[in-house]
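Engineer:
Numbering (this note's numbering), first residue to last: 1 to 176.
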């Protein structure tokens with residue numbers, strides 16, 4: 001099975017980082033059919049790699065999800081959809097449901113919200129950390145020594161008091 005990724009190529013915002021990471025992982029698994037940049041791409045280009053890949057995965061603003069049908073021909077069209085609330089606007093879900101064949105939820109909380117609002121399949125697909133950002137064993141030891149003698153200070157920002165951005169899981173990881 002080959003997968004074409006639709007996502008932003010420019011910048012370091014969340015959609016761009018997650019799309020890049022997904023393409024990286026799919027390429028390492030031998031499943032990447034192509035990457036279609038949805039930030040300033042030629043929307044008339046229907047010849048680029050992965051145009052007829054069986055599966056497409058979209059990362060980006062919901063308003064442009066239809067590009068999976070206009071610049072590609074895919075049997076399955078999935079979209080990463082991170083809800084910002086305990087409910088999703090029904091009008092948005094109805095419009096998206098006409099384009100996608102399923103959703104990817106970045107957290108169990110997001111999955112529970114989405115399952116309330118769509119009848120389409122929702123797959124749990126947690127975000128990961130690219131190996132290029134993982135600390136080495138020596139870094140872990142050095143940081144552990146530092147933490148044994150100093151206070152651990154960090155700022156984690158989220159725009160919601162609900163279970164978004166993995167706050168609970170992040171706090172548990174920091175305690176460990």
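The beta carbon of each residue, even a glycine, is placed where N, CA and C say it ideally should be.
(1) Below 8 Å between beta carbons: does that hold for residue 68 and residue 77?
(2) Excluding the five sequence neighbours on either side, which residues of its own chain have a C-beta within less than 7 Å of the C-beta of residue 73, listed in chain order?
(3) Using the beta-carbon count (16 or more within 10 Å), is residue 8 buried or exposed?
(4) For residue 3, which residues does DSSP report across the bridge?
(5) Suppose the cutoff is 6 Å on Cβ atoms and the five residues either side in sequence are ignored; what does the same chain contact list for residue 81 look like?
(6) Considering Cα atoms alone, identify which of 48, 57, 59, 61 is closest to residue 71.
(7) Measure the Cβ-Cβ separation of residue 59 and residue 124 and say whether it is below 8 Å.
(8) One question on the structure: do residue 256 and residue 99 come within less than 8 Å of each other, judged by their Cβ atoms?
(9) Pairs of beta-carbons, one from the region 139 to 148 and one from the region 111 to 119, closer than 8 Å: are there three or more?
(10) Leaving out five residues on either side along the sequence, give the residues of the same chain with a beta carbon under 8 Å from the beta carbon of residue 90.
(11) Within a Cβ cutoff of 7 Å, which residues of the same chain sit near residue 121, ignoring the five residues on either side of it in sequence?
(12) Where does residue 79 fall in DSSP's three states?
(13) What are the start and end residues of the beta strand (DSSP E) that includes residue 105?
(14) Rounding to the nearest angstrom, what Cα-Cα distance links residue 111 and residue 172 in this structure?
(15) Given a threshold of 16 other Cβ atoms within 10 Å of its Cβ, counted over all protein chains shown, does residue 175 qualify as buried or as exposed?
(16) Does the distance from the C-beta atom of residue 23 to that of residue 36 stay below 8 Å?
(17) Using the Cα positions of residue 151 and residue 142, report the straight-line distance between them to the nearest angstrom.
Structural biologist: Checking against the coordinates, here is how it stands:
(1) Yes, the Cβ-Cβ distance between residue 68 and residue 77 is below 8 Å.
(2) Contacts found: 51, 52.
(3) Residue 8 should be labelled buried.
(4) Residue pairing by DSSP puts residue 3 in a beta bridge opposite 32, 55.
(5) Around residue 81, the same chain offers 103 as residues with beta carbons nearer than 6 Å, after the five sequence neighbours per side are excluded.
(6) It is 48 whose Cα lies nearest to the Cα of residue 71.
(7) No, the pair does not count as a contact, with Cβ atoms beyond the cut-off.
(8) Since the first and last residues shown for the chain are 1 and 176, residue 256 lies out of range.
(9) Touching, no, given that fewer than three Cβ pairs across the two stretches are closer than 8 Å.
(10) Closer than 8 Å at the Cβ level, and outside the excluded window around residue 90, lie 117.
(11) Contacts found: 102.
(12) Here residue 79 sits in strand by DSSP.
(13) Start and end: 102 to 105.
(14) Distance between the alpha carbons of residue 111 and residue 172 is about 21 Å.
(15) So residue 175 ends up on the exposed side.
(16) Contact annotation: residue 23 and residue 36 have beta-carbon atoms that are not nearer than 8 Å.
(17) Their backbone Cα atoms lie some 14 Å apart in a straight line.
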